[in-house]
Each structure stands twice: as structure tokens, then as C-alpha cells.
Amino acid sequence: MIYRAAIFDLDGVLADTARLHLAAWRQVAQELKRPWAEDTSENLKGLERMASLEVILGEERDQFSDREKIDLANTKNRYYQKLIRSLSPIDLLPGAGELLAWLHEKQIPIALASASKNAQAVLQALEISHYFSTIADPEQSAPKPCPDIFLAAAKGLQVEPELCVAFEDAVAGVSAIKAAQGMIAIGVGSENSLRNADYIVCSLEDFNPRDFFLSAIRAADVS
Ligand code: BG6
Ligand code: MG
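0 is the number of the first residue of the sequence shown in numbering that gives the first Met the number 0; add one for each residue after it.
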């Protein structure tokens, strides 16, 4: 198969920010005196903001009005934005900078498919914005595990979904890729939780782009 484009999730794949989302939610949970179960961190991965709040509120969710929920989500976002102020290129996850640079050098187009409304600020802080031809807008797409944001990213790149390789660290994100019309899912993280992915790597350092994209480069050379 000749893959022609790469689509990345951001938090927990390129950027070491999944832990910052969790830290901000933990602070909100503590203020509400909500318990933090063993699987809460894993369950929150990749979920958009309001869906994450529902997880935090648990069985108490019906005791909060819509207005109160919006206020709590805004509070979490303020905590998160404070935490990302100190981000810099050292907060790229292992292998991320090298992979983006390799793809860019080989002229393989790159898109972002992140649920985060803070994604552009994070890309800038990490100094990787220039690698992305397209940033899919989470406000225009149904949340993961719906495939919409990955399909929007492929459309933005003008590459068929089945010719795109997409990277995710969250169960909901891998499900979104697998529902995206033949797109290939690379799970970044643990085999236990991401077994739905086509391939799993511990980190992007273990992903060899030559295995997926070199044929695209050769085909481009020939044509
Ligand atoms: C995802 C993160 O990328 O973005 C989630 O994995 C986060 O943890 C979601 O909730 C939404 O982010 P934001 O910045 O819009 O609240
Ligand atoms: Mg993620």
C-alpha cells in the first residue's frame, strides 16, 4: 500500500500535554471533592472538554445545571492554559520532532486532528506549527470516537482516507481512526488499551516511517 499523508493527534502523541489536561481536571475534582478512580486518567484520554467533565462528575452529574457545568469546564480550561504557558520544544514527546521533520523533508503532507481547542497554542509553544498543512477544527467535527475530525483532516490534505496513516494515544481516538473509511491507525502507548489499532508503538521513536511512506516517495519519483 502506498500511504501518502500523516495525521496526528496532539496531546499524548506529539506533545507531553495529556498529563497537563489530567492535572487541571484533578484540581477541579479535588475542589469538588470528587473521587479519582484508578481508571479515571485512562478514561479521560482523548475526550473533549464537556465529555471529560461528565466523567469527573460521575453519578453526581445530574446535580449540576448546564450553567454550572460550563463554569466548571471554563475553570479547568483556565488551569490548563496556565500550565501550557511554560511549554517549549522540550515538551515534544520522544521521536515527535524527528518524525515531523522527516515527513516534512520527504514532502509527505501532515495534518492535525486534535480535540483540543488549545491545539494551535500548543503547536506554537512547541514550535511545530509550520509542519502542518491542515489543522482540522474540533468545533466543526463530532467528537472522537466519531471519525469526523480524521475525515476532515484527510479532506483538508486532499488525500483519500485509506491513504492516510493516523496516530493516536487514546482508545476513543483509535476507534475514530478505525471508523474513518480505511485509514490506518497507529496506537502510541500501551498494547493493553490500544489493541484496536493496526500497529502499536510505545512511542514515536519506535515508528519507522520508511516502512509506511518510502513507497510513496518512490512512486512520486517515478511519476
Ligand atoms: C484532547 C485531550 O486532545 O483534547 C483531552 O486528549 C482534552 O484530554 C481534549 O479534554 C479537549 O481539549 P481542550 O483543550 O479543548 O479542553
Ligand atoms: Mg491524545
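By construction, the Cβ of each residue, glycine as well, lies at the ideal position given by its N, Cα and C atoms.
Here's the rule I'm using: 16 or more other beta-carbon atoms within 10 Å means buried, otherwise exposed. How should E58 be labelled?
The count along the sequence shown starts at 1 and reaches residue 58 at position 59. Exposed, since its Cβ has fewer than 16 Cβ neighbours within 10 Å.
Grab the span of the beta strand (DSSP E) containing E228 for me, first residue to last.
Within the shown structure, residues of the chain are numbered from 0 to 222, placing residue 228 beyond reach of any answer.
Buried or exposed: which applies to S189, given that a residue is buried once 16 or more other Cβ atoms fall within 10 Å of its Cβ?
In the sequence shown, residue 189 corresponds to position 190, counting from 1. Exposed: under 16 other Cβ atoms inside 10 Å.
If you compare alpha carbons, which of L21, V173 and A179 is closest to T39?
Translated into the one-based positions of the sequence shown, residue 39 becomes position 40. The shortest C-alpha separation from T39 is found at L21.
Is it buried or exposed for K75, if we count other Cβ within 10 angstroms and need 16 for buried?
The residue labelled residue 75 in the question sits at position 76 within the sequence shown. Burial call: buried.
Below 7 Å, is the gap between the Cβ of L43 and the nearest heavy atom of ligand 1?
Counted from its first residue, the sequence shown places residue 43 at position 44. Flag set: Cβ of L43 near ligand 1.
Three Cβ pairs or more, each shorter than 8 Å: is that satisfied between the segment 53-71 and the segment 176-188?
no
Measuring straight from C-alpha to C-alpha, what distance separates K32 and S132?
On the sequence shown, residue 32 is found 33 positions in, with the first residue counted as 1. On the sequence shown, residue 132 is found 133 positions in, with the first residue counted as 1. Roughly 43 Å separates the two Cα atoms.
With DSSP as the reference, label I183 as helix, strand or coil.
As a first step, residue 183 must be located in the sequence shown, where it is residue number 184. Under the three-state reduction of DSSP output, I183 falls in the strand class.
Determine the burial state of E47: buried for a count of at least 16 other Cβ atoms within 10 Å of its Cβ, exposed for fewer.
Working through the sequence shown from its first residue, we reach residue 47 at position 48. When all chains shown are included, E47 counts as buried.
Look at the Cβ atom of Y130, then the Cβ atom of L99, and state whether they are nearer than 8 Å.
Numbered from its first residue, the sequence shown carries residue 130 at position 131. Numbered from its first residue, the sequence shown carries residue 99 at position 100. Their beta carbons are under 8 Å apart, which means Y130 touches L99 by this criterion.
Between D10 and ligand 1, is there a pair consisting of the residue's CB and a ligand heavy atom that are separated by less than 7 Å?
On the sequence shown, residue 10 is found 11 positions in, with the first residue counted as 1. Correct: D10 has its Cβ closer than 7 Å to ligand 1.
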